[in-house]
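Data block below; observations after.
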Amino acid sequence: MPEEFCIVTQQRSGSRFLSTMMASDPDVMPLGECFQNTTKNAESFLNYLVQNATAQNEMAWGSFYKKAWQSYIAEQKKTRSGRQSALCFILMYNQLDFLPKIFLDFIFEKYQVVHLVRENLLRRHVSNFLNRQRLTPAHRKVEAELTTCTLPVNGIVKDLDASASAIAAVRKILFDRVVMEVKYEDLASGNGSHHARLVADFVGIGQYPLTTDLKQTNPFPLRSILDNFDEVSDVLRGTVYESLLFD
276 MPEEFCIVTQ
286 QRSGSRFLST
296 MMASDPDVMP
306 LGECFQNTTK
316 NAESFLNYLV
326 QNATAQNEMA
336 WGSFYKKAWQ
346 SYIAEQKKTR
356 SGRQSALCFI
366 LMYNQLDFLP
376 KIFLDFIFEK
386 YQVVHLVREN
396 LLRRHVSNFL
406 NRQRLTPAHR
416 KVEAELTTCT
426 LPVNGIVKDL
436 DASASAIAAV
446 RKILFDRVVM
456 EVKYEDLASG
466 NGSHHARLVA
476 DFVGIGQYPL
486 TTDLKQTNPF
496 PLRSILDNFD
506 EVSDVLRGTV
516 YESLLFD
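Residues are numbered in my numbering as their position in the sequence shown, beginning at 1, plus a constant of 275.
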């Protein structure tokens, strides 16, 4: 029987890619990014909280979150048919900031935790920029076509430092728990099925092949993607991020 698990990660790090692979097992019930902004996800847990806010009364926020979560999960399981028995959900780094610590402790104790990290922070930064400009999503079901852009260089090192610090901070939060850390680059590689199977073994998924029809949108070299590659290279020269230009 699969374990229930959560994927902890930051935006543009392959959470949809991994979650769709895990959800190809019919025993897995995917909730997606259920802590997402309510305007983007009508079925999110945050929406459920708002709808049931009157039930809080004098209850402490941490306890209210925990009780509401248990009711939310019960409703989700009731409305979904089939064999799905193990839920899988995504928890983003920025969502850790507004959730009560007592609730996060409950989540990390109750569920298996898969920490998904994107090692090439520069590619994540480029992907984030392309997404903000509405040029391309991170993954889609069609074959990749080259999308180019001119990447702003002001503050780029500061932004990459912030991403690296965020990963370190989450590792610190999770350091004394049973956690599997997996790199997006491994999942997206030619040996990706092997690394996906390691995750599946960790959470107890074993009966079915793991597949996804999603493809990386921009797998091309950064020299091809960035119209101002030389400018970006000049800014990153001598920093710990310089090597990421050629990964």
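Quick reminder that beta carbons are idealized off the backbone N, C-alpha and C, glycines included.
On a predicted model such as this, the values are computed, not experimentally measured, just so you know.
Quick test of the definition: if touching needs 3 or more C-beta pairs under 8 Å, does the stretch 283-290 touch the stretch 337-357?
Put simply, the stretch 283-290 does not touch the stretch 337-357. Fewer than three CB pairs are less than 8 Å apart.
Excluding the five sequence neighbours on either side, which residues of its own chain have a C-beta within less than 7 Å of the C-beta of residue 527, listed in chain order?
No answer is possible for residue 527: it lies beyond the span of the chain, which begins at 276 and ends at 522.
Residue 328 versus residue 482: straight-line alpha-carbon distance, rounded:
Cα to Cα, residue 328 sits roughly 40 Å from residue 482.
Within the same chain, show all residues whose beta-carbon is closer than 6 Å to that of residue 477, passing over the 5 residues directly before and after it, in chain order.
A distance below 6 Å between beta-carbons, with the five flanking residues on each side excluded, links residue 477 to the following residues of its chain, in chain order: 455.
Taking one C-beta from the stretch 437-455 and one from the stretch 383-395 each time, how about it: are there three or more such pairs within less than 8 Å?
Contact holds: three or more Cβ-Cβ distances are below 8 Å.
Do residue 511 and residue 432 have their C-beta atoms closer together than 9 Å?
Yes; because the gap between Cβ atoms is below 9 Å, this pair is in contact.
Taking residue 435 and residue 499 to be in contact with their CB atoms under 8 Å, please state how far apart those CB atoms are, rounded to whole angstroms.
Actually they do not touch by this definition, with Cβ atoms about 20 Å apart.
Looking at the unbroken alpha helix (DSSP H) that takes in residue 497, where does it start and where does it end?
Where residue 497 is concerned, the enclosing alpha helix (DSSP H) stretches over 497-500.
Provide the residue(s) that pair with residue 309 in DSSP beta bridges, ordered along the chain.
DSSP lists no partner for residue 309.
Which value, in whole angstroms, describes the spacing of the CA atoms of residue 518 and residue 494?
Approximately 17 Å between the Cα atoms of the pair.
Could you check whether residue 361 and residue 280 sit closer than 9 Å to each other, using their CB atoms as the reference points?
Closer than 9 Å, so yes.
Can you tell me which of the three DSSP states residue 391 falls into?
Three-state DSSP puts residue 391 in a strand.
When the distance is taken between beta carbons, is residue 387 closer than 9 Å to residue 278?
In this structure, residue 387 lies closer than 9 Å to residue 278 by Cβ.
Which stretch, first to last residue, makes up the beta strand (DSSP E) that contains residue 405?
First-last for residue 405: 396-407, but that is the alpha helix (DSSP H), not the beta strand (DSSP E).
Count the other CB atoms, across all protein chains shown, that sit within 10 Å of the CB of residue 505; report buried if there are 16 or more and exposed otherwise.
Residue 505 should be labelled exposed.
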